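Enquirer: One structure coming up, written as structure tokens, with questions to follow.
2 protein chains.
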Amino acid sequence: MMTNDPKRFGAQAFARLKALDAFSDHPDHLERLYLSPAHRKAADAVVAMMHEAGCDSVSIDALGTVVGRYEAKEAGRPALLIGSHIDTVKDAGSYDGMLGVIAGIGVIEALHEAGERLDFAVEILAFGDEENVRFPSNLSSSRAIAGSFDFSTLDGRDENGISLRDALIQFGGDPDGITALARKKEDVIGYVEMHIEQGPVLDQENRPIGIVTAISGASRRRIIVTGEAGHAGTVPMALRKDSLMTAAEMTLAIEKIGAAAENGVATIGQMQVEPGAVNVIPGRVRFTVDARAPRDSVREKLVADIEATIRAIATQRKVQVEIQPFYDSPAAPASTAIMQGLAAAMEARQMETRYLPSGAGHDAMVMGALCPMGMMFVRCKDGISHNPAESMTEEDAGLAIAILLDFVRSYRPT
Amino acid sequence: MMTNDPKRFGAQAFARLKALDAFSDHPDHLERLYLSPAHRKAADAVVAMMHEAGCDSVSIDALGTVVGRYEAKEAGRPALLIGSHIDTVKDAGSYDGMLGVIAGIGVIEALHEAGERLDFAVEILAFGDEENVRFPSNLSSSRAIAGSFDFSTLDGRDENGISLRDALIQFGGDPDGITALARKKEDVIGYVEMHIEQGPVLDQENRPIGIVTAISGASRRRIIVTGEAGHAGTVPMALRKDSLMTAAEMTLAIEKIGAAAENGVATIGQMQVEPGAVNVIPGRVRFTVDARAPRDSVREKLVADIEATIRAIATQRKVQVEIQPFYDSPAAPASTAIMQGLAAAMEARQMETRYLPSGAGHDAMVMGALCPMGMMFVRCKDGISHNPAESMTEEDAGLAIAILLDFVRSYRPT
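Listed in order, the protein sequences are those of chains A and B.
At position 412 of the first sequence the residue is numbered 412 (our numbering), and the sequence of numbers has no breaks.
Numbers given in our numbering equal positions in the second sequence, counted from 1, plus 414.
This is the structure in structure tokens:
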């Protein structure tokens, strides 16, 4: 009987992850976009794995999500959901998303082998549209479950002009069945997702596992600095209204503000300099700011501080500045019950708990609107993800599944 | 008899400048590239103006330079050269270059009307290849006079694939006659060029005229900062190796170093950020530095300070940096005799002298290798040039020509 053996969990998980690696739409690297042929094959493989693990029922829903259910002591009880996704970015790694699905399969397999039924059902959800690479949708497969599906995205098209609606029908899905996917709140008692961290914190601190406190909210701004172009030789430094020098001062100030915010980050990912000639003082610079924090009040202050500082620097340097907001999304806090349950499972194994926010978005963000939500992060080497160099150890995977199993066994929703 | 009447000089100069405005290769704006049909027409017009002013001989040389000579008391004496250029950038203003040619014409006209012959001849040179827009040449028409013509540029082509050699023949020039254009040092006693400042210093200080101390040397470097790309949400600020934050710190340091150098300037005109996504920490930033100073020792220290600071910032932020030099040109100091002569002419009119470097290149830079060189700057509105908004007053032009005439009359080469 297999009860809770991290080593065996790790080996089985890695075998299943390796099996999924085979399903790619690209011959040379891993690429499994939503509703592609490789996605369909991977979904079918996950169906088989769920059956093999002992799920009582397995199906692929109207949006392509693979759903496996392991019943409670009494049939028809509400379910604890364990989910993540099996779609990938282009030229992807093997663990981002797939780990959480395989972990759910490992948990049910262990319960099934032990002949153990809980007071609640356990369901695994293998979502298909988390990376948002192919269509202009956003976490559509988890949104459908949470009842927040945006039907306008059905008309969105991929780069070949194929609509999400047509691709869904081609895949074997059913646009008319989406509404019925929404779960009733009384049918679910929680959603838990295991995911590689996609950041360097756990790896740097040499910890295998972290407990997510919240998925950070994000605010994005486009900044346009308009000074005065001029000849690089003839305009003395004191008489310049240099847009790039201004933008550089703003950039460093934003770095400082971001570093001072509690668990906050601020990133300038794009910057364009005009006219962009070696011997011309830049007349205009455009750049973006992406600011995130796990608490909305922190993010709001972060953004307000950044905007005020940008305006002050522009005023002081006598240049014009325009600030254009183009994205604001609130934070999704994790459930205290789930955080405490995960912490108890870690402490029972003499592991120190490490709480950290998720700076990246996940299906859990959407599921938090339906039910208590929580996430476990597993360290990945150097924090690298969305890259074939994405890497984690079998040992960490096994330990994480063991802790997830302990958590599930003792979970009591508040 | 017209001796030295600034008002009349201004009116005549502006009439001639306006006449030259008519010769454009573009129907909607002023565009007169080297050896174009408009250049030919403008050159012919300048020939006529030189004859009208009283030049004893006028010709268009093998490279298209219009040369007008007003003999000394004795024929065949060495000449003081007054020059500038009649080619323009695309969508140009009316004064950049043309002012200096028209000023020379005004000076000879005044001498001729007064029946006055000097101990030296006076020649006007209307160069045709100063802006270096059409061909990959560099001040070729003045280089030929100074004996530094680069014959490899004859094979350079414009954007239509026409070589400089073929365009020159088409224009009526003679590639085989270039070598003979080089003047002997004993035949020239100086070169003086009047030019709009193309910078804001005189306009800001409300002065009509400045005396150029030197044409600044320039050094250019390409900087490549390589940090680590990463997810804008998942990498805490303290664990980042952000190429753009590093480049911003370098940029501000360069601004400070440039401002501290005596008459120095430092410009970052180009910056590219990679990968350039709103939610990705920049992994690489490439930018250019253009540093200039009128004294080579100042420029060399300026560049050395910039390079050392760039390396120190990279080391402190634990990112890689590469510094690629791609241009270094020394300063061309103005002749003390010419600066003193211009100062005396200004002081005689109770004008305060203002010395300033030229941050932009001019034909005078090349001519300085042949003979004592000097330049007068005339204020232009807001320092704007290379633009149809380029503007100066008739009054300033008249005053500048009067001073140039005073200078020429009393010039004694050292």
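Note that CB positions come from ideal geometry on N, CA and C, so glycine has one too.
Since the model is a prediction, treat every value here as computed from it, not as a measurement.
Are M608 of chain B and A462 of chain B close, meaning C-beta to C-beta below 9 Å?
Expert: For the purposes of this step, residue 608 of chain B is identified with residue 194 of the second sequence, where counting begins at 1. For the purposes of this step, residue 462 of chain B is identified with residue 48 of the second sequence, where counting begins at 1. Going by C-beta atoms, M608 of chain B is not nearer than 9 Å to A462 of chain B.
Enquirer: M219 of chain A lies in the alpha helix (DSSP H); which residues open and close that run?
Expert: Mapped onto the first sequence, residue 219 of chain A falls at position 219. According to the sequence provided, residue 219 of chain A is Ser. The question's Met does not apply to it. Where S219 of chain A is concerned, there is no enclosing alpha helix (DSSP H), although the beta strand (DSSP E) it sits in stretches over 217 to 226.
Enquirer: Could you spell out where the beta strand (DSSP E) holding E688 of chain B opens and where it closes?
Expert: For the purposes of this step, residue 688 of chain B is taken as residue 274 along the second sequence, with counting starting at 1. Counting along the chain, the unbroken beta strand (DSSP E) around E688 of chain B starts and ends at 685 to 688.
Enquirer: Alpha carbon to alpha carbon, how far is E255 of chain A from P771 of chain B? Give it in angstroms, no decimals.
Expert: Here the question's residue 771 of chain B lines up with position 357 in the second sequence. Here the question's residue 255 of chain A lines up with position 255 in the first sequence. Those two C-alpha atoms are separated by around 38 Å.
Enquirer: Output, in sequence order along the chain, the residues in the region 679 to 703 of chain B whose CB is closer than 7 Å to any CB in chain A.
Expert: V679, T681, I682, G683, Q684, M685, V687, G690, A691, V692, N693, V694, I695, P696, T702
Enquirer: For the region 248 to 260 of chain A, which residues have a beta carbon sitting closer than 7 Å to at least one beta carbon of chain B?
Expert: A248, E249, T251, L252, E255, G258, A259
Enquirer: Taking C-alpha atoms, which residue in A:E123, A:M98, A:D21, A:G156 lies nearest to E130 of chain A?
Expert: Against the first sequence, residue 130 of chain A aligns to sequence position 130. When C-alpha distances from E130 of chain A are compared across A:E123, A:M98, A:D21, A:G156, the shortest belongs to A:M98.
Enquirer: The ligand MG heavy atoms versus the CB of I671 of chain B: any closer than 8 Å?
Expert: Among the components of this structure there are no ligands whatsoever, and the ligand MG is therefore not found.
Enquirer: Does the Cβ-Cβ distance between T640 of chain B and Q738 of chain B come in under 9 Å?
Expert: As a working note, residue 640 of chain B is residue 226 in the second sequence. As a working note, residue 738 of chain B is residue 324 in the second sequence. Contact: no.
Enquirer: When you compare each of B:I671, B:I727, B:V687 to R713 of chain B by their alpha carbons, which one comes out closest?
Expert: As a position in the second sequence, residue 713 of chain B is number 299, starting the count at 1. Here the closest residue by C-alpha is B:I671.
Enquirer: Per DSSP, V829 of chain B forms a beta bridge with which residues?
Expert: Given a span of 415 to 828 for chain B in the structure shown, any question on residue 829 of chain B remains unanswerable.
Enquirer: Measuring alpha carbon to alpha carbon, tell me which of B:H526, B:I727, B:E573, B:P614 ends up nearest R793 of chain B.
Expert: On the second sequence, position 379 is the one that residue 793 of chain B refers to. R793 of chain B has its Cα closest to that of B:P614, out of B:H526, B:I727, B:E573, B:P614.
Enquirer: So Q198 of chain A contacts chain C; which residues on that side make the cut at Cβ distance below 7 Å?
Expert: The structure shown contains no chain C; its protein chains are A and B.
Enquirer: T267 of chain A and V694 of chain B: beta carbons closer than 9 Å?
Expert: The sequence position of residue 267 of chain A within the first sequence is 267, counting from 1. The sequence position of residue 694 of chain B within the second sequence is 280, counting from 1. Yes; because the gap between Cβ atoms is below 9 Å, this pair is in contact.
Enquirer: Ignoring anything shorter than 3 residues or poking outside the region 3 to 87 of chain A, list the beta strand (DSSP E) runs there in chain order.
Expert: 57 to 60, 66 to 70, 79 to 85
Enquirer: When you compare each of A:M250, A:A304, A:A232 to S799 of chain B by their alpha carbons, which one comes out closest?
Expert: The sequence position of residue 799 of chain B within the second sequence is 385, counting from 1. It is A:A232 whose Cα lies nearest to the Cα of S799 of chain B.
Enquirer: Sort A:R292, A:C55, A:Q170 by Cα distance to A121 of chain A and report the nearest one.
Expert: In the first sequence, residue 121 of chain A corresponds to position 121, counting from 1. The candidate whose alpha carbon is nearest that of A121 of chain A is A:C55.
Enquirer: For the alpha helix (DSSP H) that Q584 of chain B lies in, which residues bound it at each end?
Expert: Reading the second sequence from its first residue, position 170 is the one you call residue 584 of chain B. Where Q584 of chain B is concerned, the enclosing alpha helix (DSSP H) stretches over 578 to 585.
Enquirer: Grab me the residues of I623 of chain B's own chain with a C-beta within less than 8 Å of its C-beta, minus the 5 sequence neighbours each way, in chain order.
Expert: If you number the second sequence from 1, residue 623 of chain B lands on position 209. Cβ within range, chain order: L616, M760, M765, R768, M790, F791, V792, R793, D810, L813, A814, I817.
Enquirer: Who are the near neighbours of A238 of chain A in its chain, counting only those whose CB is closer than 8 Å to its CB and skipping five residues on each side?
Expert: The residue labelled residue 238 of chain A in the question sits at position 238 within the first sequence. Closer than 8 Å at Cβ, skipping near neighbours: no residue.
Enquirer: Within the same chain, show all residues whose beta-carbon is closer than 7 Å to that of S551 of chain B, passing over the 5 residues directly before and after it, in chain order.
Expert: Position 137 of the second sequence holds residue 551 of chain B. Excluding five sequence positions before and after S551 of chain B, the CB atoms of its chain that fall closer than 7 Å to its own CB belong to D543, T567, G570, L578, given in chain order.
Enquirer: Which residues bound the beta strand (DSSP E) around A680 of chain B?
Expert: To locate residue 680 of chain B, count along the second sequence from 1; it is residue 266. Note, A680 of chain B: beta strand (DSSP E), 679 to 681.
Enquirer: For the alpha helix (DSSP H) containing A397 of chain A, name the first residue and the last one.
Expert: Translated into the one-based positions of the first sequence, residue 397 of chain A becomes position 397. Start and end: 394 to 410.
Enquirer: Check for me: the beta strand (DSSP E) holding A126 of chain A runs from which residue to which?
Expert: For the purposes of this step, residue 126 of chain A is taken as residue 126 along the first sequence, with counting starting at 1. Element bounds for A126 of chain A: 121 to 127.
Enquirer: Rounded to whole angstroms, what is the Cα-Cα separation between G604 of chain B and R597 of chain B?
Expert: As a working note, residue 604 of chain B is residue 190 in the second sequence. As a working note, residue 597 of chain B is residue 183 in the second sequence. Roughly 12 Å separates the two Cα atoms.
Enquirer: Relative to the C-alpha of V717 of chain B, which residue among B:A728, B:Y741, B:V649, B:D777 is closest?
Expert: Walking along the second sequence from the start, residue 717 of chain B turns up at place 303. Of the candidates B:A728, B:Y741, B:V649, B:D777, the one whose C-alpha sits nearest the C-alpha of V717 of chain B is B:Y741.
Enquirer: For the beta strand (DSSP E) that contains T288 of chain A, what are its first and last residues?
Expert: To locate residue 288 of chain A, count along the first sequence from 1; it is residue 288. Run containing T288 of chain A: 284 to 293, per the beta strand (DSSP E) assignment.
Enquirer: Is there a C-beta anywhere in chain A that falls below 9 Å from the one on V615 of chain B?
Expert: On the second sequence, residue 615 of chain B is found 201 positions in, with the first residue counted as 1. So, interface residue.
Enquirer: Pick helix, strand or coil for M415 of chain B, following the three-state DSSP scheme.
Expert: Within the second sequence, numbered from 1, the residue matching residue 415 of chain B stands at position 1. Its pLDDT being 42, under 50, M415 of chain B is placed unreliably in this model, and the coordinates cannot settle the point.
Enquirer: Going by alpha carbons, who is nearest to F701 of chain B out of A:E322, A:L244, A:R317?
Expert: As a working note, residue 701 of chain B is residue 287 in the second sequence. Answer by Cα proximity: A:L244.
Enquirer: Considering just the uninterrupted stretch of the beta strand (DSSP E) at E322 of chain A, what are its terminal residues?
Expert: Here residue 322 of chain A is taken as the residue at index 322 of the first sequence, counted from 1. That run of the beta strand (DSSP E) goes 320 to 329.
Enquirer: For I82 of chain A, which of A:D91, A:A75, A:T65 has the nearest alpha-carbon?
Expert: The count along the first sequence starts at 1 and reaches residue 82 of chain A at position 82. Looking at the Cα atoms, A:T65 is the closest of the given residues.
Enquirer: What does the Cβ neighbour count give for M1 of chain A, buried or exposed, with the cut at 16 atoms within 10 Å?
Expert: The count along the first sequence starts at 1 and reaches residue 1 of chain A at position 1. Reliability fails at M1 of chain A, whose pLDDT of 42 lies under 50, so the model's placement of it is uncertain and the value that follows must be treated cautiously. Flag for M1 of chain A reads exposed.
Enquirer: To the nearest angstrom, how far is it from the Cα of S410 of chain A to the Cα of A343 of chain A?
Expert: Residue mapping note: residue 410 of chain A aligns to position 410 of the first sequence, counting from 1. Residue mapping note: residue 343 of chain A aligns to position 343 of the first sequence, counting from 1. The straight-line gap from Cα to Cα measures roughly 12 Å.
Enquirer: May I ask you to report which of helix, strand or coil DSSP gives T648 of chain B?
Expert: Your numbering for residue 648 of chain B matches position 234 in the second sequence. Coil, per DSSP.
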